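Worksheet: one structure, shown below.
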Amino acid sequence: MKPLLQLENVNSFYGPVQVHFDLSLTVPENAIVCLLGGNASGKSTTMKTILGLQVPKSGKVTMEGRDITGLPTPEIVRAGIATVPEARRLFGDMTVRENLLMGAYARSDKPGIDEDYEKVLGLFPRLKQRLGQKAGTMSGGEQQMVAMARALMARPRLICMDEPTMGLSPLFVDRVLELIATVRQTGVSVFMVEQNASMALSIADYGYVLQTGRIVLEGPAGDLLADPRIRSAYLGDTAA
Amino acid sequence: MSDAILTATGITRRFGGITAVDGVDLHVAEGEFLSVIGPNGAGKTTLFNLISGQDRMDGGKVTLEGRDITNLSPHKMAEIGVARTFQHGRVFGNLTVMDNVLIGCHVRLKAARSRVPVIGPVLELGKALIQPRAVREEEEAMREEARAIIATFGERLAPRIDNPTYSLSYANRRRVEIARALALHPRILILDEPTAGMNESETAEMQEIIAGLKASGRTILLIEHKLNMVMQLSDRVMAMDDGKVISHGTPTEVRNDPKVIEAYLGHSSIGGARPAARDSAEPQEIITVGPAQGRIGRTGGAEA
Amino acid sequence: MESLSSLMAMPWLDYSISGLVIGSIYALMAVGLALIFGVANLINFAHGAVFTVGAYIGWTCLVGIGLPLGVTIVVVAAVSGAAGALIEWLAIRPLNRQSRIAPLLATIGVALVLDQIIHIVFSPTPRALSANIPDWRLQIGNGTIGAIDITIALTAILSAAALYAFLFRTKLGMAVRATAQDDDAAKQMGVNINAVNMTVFGIAGALGGIAGLLVGLYYNSIDPNASFQMMLKGMVAIVIGGMANVPGAIGGGLILGLIESWGIGLFGASYRNLFAFVVLLVMLLFRPNGIFSRGKERPAEPMTGTFVTQTKAVTLPKPLIWVLIGIAVILPMANMPYITQVMTNAYLYGLAALALTLVSGTVGLVSIGHAALVAIGAYASALLTTKGLPVSLGIVIGGAAAALLGTALAYPAFRLRGHYVAIGTLALGEIVSLVILNWEGVTNGALGVFAIPPLEIFGFPLYGTKASYWFVLALMLLMAGLQVRLLKSHLGRTWKAIREDTVAAETYGVASNYYKGLAFGFAGFTAGIAGAVTAHQWSFINYDSFNLLFSVLILTMAILGGLGNVSGAILGAILVAALPEMFRTLAEYRMLFYGAALIILIRFRPQGLLGSG
Chain X
34 MKPLLQLENV NSFYGPVQVH FDLSLTVPEN AIVCLLGGNA SGKSTTMKTI
84 LGLQVPKSGK VTMEGRDITG LPTPEIVRAG IATVPEARRL FGDMTVRENL
134 LMGAYARSDK PGIDEDYEKV LGLFPRLKQR LGQKAGTMSG GEQQMVAMAR
184 ALMARPRLIC MDEPTMGLSP LFVDRVLELI ATVRQTGVSV FMVEQNASMA
234 LSIADYGYVL QTGRIVLEGP AGDLLADPRI RSAYLGDTAA
Chain C
7 MSDAILTATG ITRRFGGITA VDGVDLHVAE GEFLSVIGPN GAGKTTLFNL
57 ISGQDRMDGG KVTLEGRDIT NLSPHKMAEI GVARTFQHGR VFGNLTVMDN
107 VLIGCHVRLK AARSRVPVIG PVLELGKALI QPRAVREEEE AMREEARAII
157 ATFGERLAPR IDNPTYSLSY ANRRRVEIAR ALALHPRILI LDEPTAGMNE
207 SETAEMQEII AGLKASGRTI LLIEHKLNMV MQLSDRVMAM DDGKVISHGT
257 PTEVRNDPKV IEAYLGHSSI GGARPAARDS AEPQEIITVG PAQGRIGRTG
307 GAEA
Chain U
-5 MESLSSLMAM PWLDYSISGL VIGSIYALMA VGLALIFGVA NLINFAHGAV
45 FTVGAYIGWT CLVGIGLPLG VTIVVVAAVS GAAGALIEWL AIRPLNRQSR
95 IAPLLATIGV ALVLDQIIHI VFSPTPRALS ANIPDWRLQI GNGTIGAIDI
145 TIALTAILSA AALYAFLFRT KLGMAVRATA QDDDAAKQMG VNINAVNMTV
195 FGIAGALGGI AGLLVGLYYN SIDPNASFQM MLKGMVAIVI GGMANVPGAI
245 GGGLILGLIE SWGIGLFGAS YRNLFAFVVL LVMLLFRPNG IFSRGKERPA
295 EPMTGTFVTQ TKAVTLPKPL IWVLIGIAVI LPMANMPYIT QVMTNAYLYG
345 LAALALTLVS GTVGLVSIGH AALVAIGAYA SALLTTKGLP VSLGIVIGGA
395 AAALLGTALA YPAFRLRGHY VAIGTLALGE IVSLVILNWE GVTNGALGVF
445 AIPPLEIFGF PLYGTKASYW FVLALMLLMA GLQVRLLKSH LGRTWKAIRE
495 DTVAAETYGV ASNYYKGLAF GFAGFTAGIA GAVTAHQWSF INYDSFNLLF
545 SVLILTMAIL GGLGNVSGAI LGAILVAALP EMFRTLAEYR MLFYGAALII
595 LIRFRPQGLL GSG
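Chains X, C and U, in that order, give the protein sequences. If you want my numbering, it's the position in the first sequence, counting the first as 1, plus 33. If you want my numbering, it's the position in the second sequence, counting the first as 1, plus 6. Numbering-wise, my numbering puts 0 at position 6 of the third sequence, and it's gapless, one number per residue.
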């Protein structure tokens, strides 16, 4: 599989604290890759680094072979990376329709946007009846749908999702997993940061486990699911 | 755990429609070490904020040594001996290490402060200007004690005692925070992720210091993500998820509770397929992946 | 019953109509401020200056060139919109990474510079403005409405409609709304935040400029000194409406207009501005989220560190300080009375700056109403000594009055944070000045206090410039010495801890309001003495002697020297107060000099010359 997004030896800092130590990972074309880890492992900073919200001290981020390290976020969005931020971050006072159009903000091909708008509503028919509703008044699950649809409106090659199942009821978690699978079927890769390992690995192709800024484990999702070391990466390696 | 020094019952805090802390009970006995664990957003810090007075609870009651301290203001909490550190470390950046620790002594100042009503403020200003002998002696005694507390951190803080804390490394700032908390002579010490952002060797060092505090008989409440440390230090562990207590008991009991594993990993069967495979060498290997030593020097280099 | 019927007989409908007309202009000002607060999280103090720019562009078009009103409105919107955008680009954007109070202070500097430029180009006297609007009035019930009222209301409504069309019908407008809600998320959608900020400053400028033109039309004259007052009206309106709330700002503007108009009907025109500030203070204290807000206020994260940057203060070596004091002592021997007088004046500013640097620097409450403390001291001493009290006693009582009254007045502001402290102190400053103006029985109102006895010590009058120079110098050095002593005591570290992180300080047992009160008490005493001595030096004071400009000036001095830094405050005072006097050309463009100094300082040396203490 051709690599789409690559992080090479990224070292990043949050103030004086080093968050990443020589972090390297690859998201291939048309794949679901998950980055797992417990609290404070550096997952969210990985997301910020890819989106250009945080610039690494050293190392490189490339998209389709092009160096995008330190580019302003709008440029990175134009390079084909869209995002479903942590806690969704919808524009709550704006309508569903406006939220979707904000997703296409970096684009200027009006016909293309119209086309994708119809396509996205086909993918999420439930949103069709809610176009005029304010996003902030929707349920958590519906908001997650809007967030995904909004990301697709950028016509991305890759969608980065930060804890897409956080705060959702178990019933809806399954629904979100289906949605992620649907997104992949449209030819878009998904890079997902998750704490919930079983959920993420059940749909991913490949997984990385991050612990205090280092990749301590990686492999095909199926192998990771059964690996006992993943438990120690989350819960510590020794019993008291 | 017969005589609880701190007891909290039914603590509840709602933000908008979300119940961040939902009817949590908690008690700590004199000299006991209780840790609270749980995934992100479980409500641990909110719970600590409620106990130490930073936030006001919607329901519930907290008592310290039998006295009702529910929703007291933070500075009153400090007066009665509740000291806490903060999740991301809140030292006073433009104050020196010494002055930071001296702020911890603030509630114990007797001569310098004045509690007389009405003319109290004038007296306190006047004494600060005139510096009578009692005030000078008290200040010197507090400084002496602050130096002693700082000295327990060995060569980490002592040489930087007159440096402003913004110039210290992150790990050193966390140390200053703990020194400041100790200066209050707390009845109960609340530590919110004292090793967040520290590397392995710094974590080990901090763990040793906290173990020392425990050995000296202090009552300690800890939130920590590094579960190895929690397992080794705690007398009891409480696990939270979604604002509720999901497990409670000895460290081993809690660590092996399927509900806890599920809260962290999503499903209790994850990685548990071969529980016998827990031979010691393998996990050890994972934790030390990467050339850690070289980088410790680099983070330490942030110190001016 | 008599009074009730006379109350009923007042022309309430007329008051209401004029209140709504003026209110619609306030609304235009407020909408711009609310938009800027929404996307940039900033209170734009330069908004009033843009208002004045609009008024003068309008005058140039209507009177100077003779363009029709419609064209004039378009030109005014374009030019003042460009001015707004330019302010964002030049003064705000470079401060991106600085503390949140920094751009606020920069906008104060911009306001001073723009105002001075208008004074230079158009002269500081008001001009007549008329647009040949017919002067017929329509009878409605027992009130009337005129063509001018309709013109103004219509222009305001059309401007608001244009704004709504932009916000809800264009892509950029959508980005503005998205940014105001969540700038991080907007950025992740590919929105260029800088472009959004500039657009918003441009729109706010255009609306503010139109407001300037409309006020000119309403009163038939334009006044180059109205900037700050108008900006404050807009600010009160957004506090009523809820800071970043655009429809709320419109509502707030109309409500303020009505309150003012009815209030003037009841109490008289000289109280006009007082209503606005009382409303402001009440809102800040009881409904800080505005009257249209729902639900509880979220617990605010403290603005830690305020403007004090993390740098080490320059400590002047002791011998150097003694040499400098020596030079200061023998300065009058050079027999240059003008210099001696200028320096005496500078030391008086130095006293006031000492007080401000304690409150704003050491404790971190950035105050834009410092003049109030000075004015209280000045009036207390002036009023008592003109009635026979010995001057030396009057000075001490002036200090005590400022300490007590100042602390009591500022106490409600202690629980405010960040921007709200700045707004609250500003309101206090204006209220004190307006009370002095209106409380005629005690303060002699607009006439001021004159024939204030000259300085004396225990019955020995200080004749001549030299004697008063030494007296003021000694007083300043004494207060500076006391302040240094306080900073070295437990109070110094306690105050700084409150400034650095109020929550952490409270957690360690520091009752922050009590210690803020102690700082205000001591600073009030110093500032009160400064005011009292100034009054005896000048022998005449009035309500305008210690105005907003005075407050800004003192703040500039404190920032220049390094906030919290005692020797820095004195150095700042000498540089800002004495330098322009010594170079005559500078004195003429004083405000330009102060404003530019403020902008440049904040941009390039926010820690001040000697560093923050």
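For glycine and all other residues, C-beta sits at the position ideal for the given N, C-alpha and C. Note that the coordinates shown come from a computational prediction; the quantities given were computed from them, not determined experimentally.
Closest to residue i by C-alpha separation, out of the options, would be which residue?
i: U:A43; options: U:S(-3), U:I19, U:L108 and U:G103; result: U:L108
i: X:R159; options: X:R99, X:R190 and X:M181; result: X:M181
i: U:N339; options: U:L467, U:D129 and U:Q92; result: U:L467
i: U:P384; options: U:G344, U:G453, U:Y583 and U:W130; result: U:G453
i: X:L257; options: X:I236, X:F205, X:T198 and X:T245; result: X:I236
i: C:V236; options: C:G272, C:I109, C:G203 and C:L197; result: C:L197
i: C:D31; options: C:G47, C:T69 and C:F21; result: C:T69
i: C:I3; options: C:F159, C:L12, C:Q93 and C:S222; result: No answer is possible for residue 3 of chain C: it lies beyond the span of chain C, which begins at 7 and ends at 310.
i: U:K165; options: U:L152, U:T193 and U:A150; result: U:T193
i: U:M2; options: U:G206, U:I187, U:L260 and U:A125; result: U:L260
i: U:S533; options: U:F519, U:L565, U:P447 and U:P241; result: U:P447
i: C:P192; options: C:D9, C:R73 and C:E85; result: C:E85
i: X:L38; options: X:V60, X:M186, X:A120 and X:G75; result: X:V60
i: C:V124; options: U:L398, U:V336 and U:I127; result: U:L398
Taking residue i as part of the alpha helix (DSSP H), name the residues at either end of that continuous run.
i: U:V57; result: Note, U:V57: premise wrong, no alpha helix (DSSP H); not H, not E.
i: U:H530; result: S506 to W532
i: X:Q176; result: G173 to L185
i: X:P261; result: From DSSP, X:P261 is part of no alpha helix (DSSP H); its letter is neither H nor E.
i: U:V560; result: V560 to A567
i: U:V546; result: L542 to G555
i: U:N682; result: The structure shown does not extend to residue 682 of chain U, since chain U is modelled only from -5 through 607, so no value can be given for it.
i: X:E251; result: Careful: X:E251 lies outside any alpha helix (DSSP H), inside the beta strand (DSSP E) at R247 to P253.
i: U:L471; result: G458 to K482
Leaving aside the five residues before and after residue i along the sequence, list all residues of the same chain whose C-beta is less than 6 Å from its C-beta, in chain order.
i: U:L420; result: I362 and G363
i: C:L40; result: V34, L227 and R242
i: U:W464; result: none
i: C:R263; result: The question names Arg, but residue 263 of chain C is Asp in the sequence shown. Cβ within range, chain order: S253.
Within its chain, find whatever has a CB closer than 8 Å to the CB of residue i; leave out the 5 residues flanking it on each side and keep chain order.
i: X:D260; result: L250 and G252
i: C:R96; result: E183
i: U:H113; result: P218 and M585
i: U:E295; result: Residue placement at U:E295 cannot be trusted, given a pLDDT of 40 that sits under 50; what the coordinates show is reported in the next sentence. Hits under 8 Å: none found.
Excluding the 5 residues preceding and the 5 following residue i in the sequence, name in chain order all residues of the same chain whose CB lies nearer than 7 Å to its CB.
i: U:S215; result: P120, R121, A122 and L123
i: C:G49; result: A26, V27, M246 and G249
i: X:L234; result: C67, G240, A254, L257 and L258
i: U:F286; result: G235, G236, N239, G242 and G245
i: U:F514; result: V353, G400, T401 and A404
i: U:M229; result: L27, I37 and I417
How would you write the range of the beta strand (DSSP E) that residue i sits in, first residue to last?
i: U:G133; result: The question names Gly, but residue 133 of chain U in the sequence shown is Gln. That run of the beta strand (DSSP E) goes R131 to I134.
i: C:M246; result: R242 to D247
i: C:F21; result: A10 to F21
Would the beta-carbon of residue i be found less than 8 Å away from any heavy atom of the ligand ADP?
i: X:A112; result: With respect to small molecules bound, the structure shown includes none, and the ligand ADP cannot be examined in it.
Practice task
Tell me the start and end of each unbroken alpha helix (DSSP H) in the segment 101 to 156 of chain X that is at least 4 residues and wholly inside, in chain order.
Solution key: With a minimum length of 4 residues, the continuous alpha helix (DSSP H) runs that stay inside the segment 101 to 156 of chain X are 106 to 111, 129 to 136 and 143 to 156.
Handout entry: Uninterrupted alpha helix (DSSP H) stretches inside the segment 377 to 423 of chain U (no shorter than 4 residues)
Key = Unbroken alpha helix (DSSP H) stretches of 4 residues or longer found wholly inside the segment 377 to 423 of chain U: 385 to 404, given in chain order.
Problem - Given 8 Å, three or more beta-carbon pairs between the segment 189 to 198 of chain X and the segment 155 to 171 of chain X - result: Taking 8 Å as the limit for Cβ pairs, the verdict is that the segment 155 to 171 of chain X does not touch the segment 189 to 198 of chain X.
Practice task
May I have a chain-ordered list of the beta strand (DSSP E) segments no shorter than 3 residues that lie completely inside the segment 159 to 218 of chain U?
Solution key: Runs of the beta strand (DSSP E) inside the segment 159 to 218 of chain U: none found.
Handout entry: Stretch-stretch touch, CB-based, cutoff 8 Å, three pairs: the segment 115 to 131 of chain C with the segment 143 to 157 of chain C
Key = With the cut-off at 8 Å, the segment 115 to 131 of chain C and the segment 143 to 157 of chain C touch.
Problem - Completely contained beta strand (DSSP E) runs for the segment 47 to 135 of chain C, where each covers 3 or more residues - result: Counting only runs of 3 or more, we get 65 to 70 and 88 to 90.
Problem - the segment 319 to 332 of chain U in contact with the segment 538 to 550 of chain U per 3-pair CB rule at 8 Å - result: No, they do not touch.
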